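Colleague: Structure incoming, see below.
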Amino acid sequence: MDKKELLIIGSGSCETKGLVSMAEKARKIGGTVAAVTIFPNSTIGKLADFTVKLPGAPKDQSESEFKTIQPMGSLFEQTLLLFYDAVILRFMNKQGLNSYTMYGKHANLE
(Lines of atoms letter the chains of each structure in order from A; the text may use other names.)
(Lines give C-alpha, C1' and ligand atoms only; values in the text may rest on other atoms or scores of the structure.)
Protein backbone atom coordinates (compact mmCIF):
# COMPACT_ATOMS: atom_id res chain seq x y z
CA MET A 103 0.00 0.00 0.00
CA ASP A 104 1.25 3.40 -0.92
CA LYS A 105 -0.13 6.91 -1.27
CA LYS A 106 -2.66 7.31 -4.05
CA GLU A 107 -3.40 3.56 -4.07
CA LEU A 108 -6.72 1.91 -3.40
CA LEU A 109 -7.44 -0.69 -0.71
CA ILE A 110 -10.68 -2.56 -1.34
CA ILE A 111 -12.07 -4.40 1.68
CA GLY A 112 -14.79 -6.97 1.12
CA SER A 113 -16.60 -8.00 4.26
CA GLY A 114 -20.20 -8.81 4.98
CA SER A 115 -20.18 -7.07 8.35
CA CYS A 116 -17.22 -4.69 7.84
CA GLU A 117 -16.63 -4.98 11.59
CA THR A 118 -13.74 -7.49 11.66
CA LYS A 119 -11.06 -5.95 13.91
CA GLY A 120 -8.11 -6.91 11.70
CA LEU A 121 -9.77 -5.38 8.65
CA VAL A 122 -10.66 -2.23 10.62
CA SER A 123 -6.96 -1.90 11.51
CA MET A 124 -5.95 -2.31 7.86
CA ALA A 125 -8.42 0.37 6.78
CA GLU A 126 -7.09 2.75 9.44
CA LYS A 127 -3.48 2.05 8.42
CA ALA A 128 -4.26 2.57 4.72
CA ARG A 129 -5.86 5.93 5.52
CA LYS A 130 -2.81 6.99 7.59
CA ILE A 131 -0.52 6.07 4.68
CA GLY A 132 -2.62 8.32 2.44
CA GLY A 133 -4.40 5.63 0.47
CA THR A 134 -8.01 5.45 -0.55
CA VAL A 135 -10.28 2.87 1.09
CA ALA A 136 -13.30 1.23 -0.50
CA ALA A 137 -15.68 -1.09 1.33
CA VAL A 138 -17.72 -3.78 -0.43
CA THR A 139 -20.26 -4.93 2.10
CA ILE A 140 -23.80 -5.75 3.11
CA PHE A 141 -23.65 -2.93 5.70
CA PRO A 142 -22.37 0.43 4.35
CA ASN A 143 -22.96 2.11 7.75
CA SER A 144 -20.50 -0.25 9.47
CA THR A 145 -17.18 0.78 11.05
CA ILE A 146 -15.21 0.18 7.85
CA GLY A 147 -18.03 1.61 5.75
CA LYS A 148 -17.70 4.87 7.69
CA LEU A 149 -13.88 4.84 7.36
CA ALA A 150 -14.09 4.21 3.62
CA ASP A 151 -13.90 6.90 0.98
CA PHE A 152 -16.67 5.04 -0.83
CA THR A 153 -18.72 1.90 -0.41
CA VAL A 154 -20.41 -0.65 -2.63
CA LYS A 155 -23.42 -2.38 -1.13
CA LEU A 156 -23.92 -5.93 -2.34
CA PRO A 157 -26.98 -8.03 -1.55
CA GLY A 158 -26.52 -11.02 0.64
CA ALA A 159 -27.51 -12.71 3.83
CA PRO A 160 -25.37 -11.89 6.85
CA LYS A 161 -24.11 -14.69 9.10
CA ASP A 162 -26.97 -13.93 11.50
CA GLN A 163 -30.07 -13.99 9.30
CA SER A 164 -32.56 -13.39 12.11
CA GLU A 165 -33.14 -9.73 11.16
CA SER A 166 -32.17 -9.86 7.48
CA GLU A 167 -34.40 -9.35 4.47
CA PHE A 168 -32.27 -11.96 2.67
CA LYS A 169 -32.71 -15.60 3.60
CA THR A 170 -30.70 -18.55 2.34
CA ILE A 171 -30.13 -22.17 3.22
CA GLN A 172 -26.41 -21.64 2.65
CA PRO A 173 -24.30 -21.57 5.81
CA MET A 174 -22.90 -18.42 7.36
CA GLY A 175 -21.86 -15.77 4.80
CA SER A 176 -21.62 -18.05 1.75
CA LEU A 177 -24.17 -16.14 -0.34
CA PHE A 178 -22.36 -12.82 0.18
CA GLU A 179 -18.97 -14.41 -0.46
CA GLN A 180 -20.15 -15.88 -3.78
CA THR A 181 -21.57 -12.51 -4.85
CA LEU A 182 -18.32 -10.86 -3.78
CA LEU A 183 -16.24 -13.26 -5.87
CA LEU A 184 -18.19 -12.45 -9.04
CA PHE A 185 -18.08 -8.71 -8.32
CA TYR A 186 -14.32 -8.74 -7.72
CA ASP A 187 -13.58 -10.79 -10.82
CA ALA A 188 -15.47 -8.29 -12.96
CA VAL A 189 -13.84 -5.24 -11.36
CA ILE A 190 -10.30 -6.64 -11.35
CA LEU A 191 -10.40 -7.86 -14.94
CA ARG A 192 -11.67 -4.46 -16.09
CA PHE A 193 -9.02 -2.64 -14.04
CA MET A 194 -6.20 -4.85 -15.34
CA ASN A 195 -7.35 -4.30 -18.90
CA LYS A 196 -7.54 -0.51 -18.52
CA GLN A 197 -4.15 -0.32 -16.77
CA GLY A 198 -2.30 -2.80 -18.98
CA LEU A 199 -1.55 -5.05 -16.00
CA ASN A 200 -1.14 -8.80 -15.70
CA SER A 201 -1.08 -11.28 -12.81
CA TYR A 202 2.67 -10.84 -12.30
CA THR A 203 2.52 -7.04 -11.93
CA MET A 204 -0.49 -7.29 -9.61
CA TYR A 205 1.14 -9.85 -7.29
CA GLY A 206 3.99 -7.60 -6.17
CA LYS A 207 1.84 -5.37 -3.99
CA HIS A 208 -1.06 -7.50 -2.87
CA ALA A 209 0.14 -8.38 0.64
CA ASN A 210 2.25 -5.53 1.99
CA LEU A 211 -0.26 -4.43 4.65
CA GLU A 212 0.09 -7.62 6.70
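Quick note on numbering: the numbering used here labels position 78 of the sequence shown as 180, and the sequence is numbered without any gaps. Where is the CB? At the ideal position from N, CA and C, for every residue including glycine. It should be emphasised that the depicted structure is a prediction, and the values quoted were computed from it without experimental measurement.
1) Going by DSSP, what residue range makes up the beta strand (DSSP E) through L199?
2) Looking only at DSSP bridge pairs, what is V189 linked to?
3) Using a Cβ-Cβ cutoff of less than 6 angstroms, which residues in the same chain neighbour T134 once the five nearest sequence positions on both sides are dropped?
4) Output the boundary residues of the alpha helix (DSSP H) element that contains K106.
5) Which stretch, first to last residue, makes up the beta strand (DSSP E) that contains K155?
6) Contact defined as beta carbons within less than 8 angstroms: I believe A137 pairs with T153. What is the distance between those atoms, to the nearest angstrom?
7) Work out the CA separation of S144 and K169 for me, nearest whole Å.
Modeller: To lay it out plainly:
1) Note, L199: premise wrong, no beta strand (DSSP E); not H, not E.
2) None; V189 has no bridge partner.
3) L108 and D151
4) Careful: K106 lies outside any alpha helix (DSSP H) and carries neither H nor E.
5) F152 to K155
6) 4 angstroms
7) 20 angstroms
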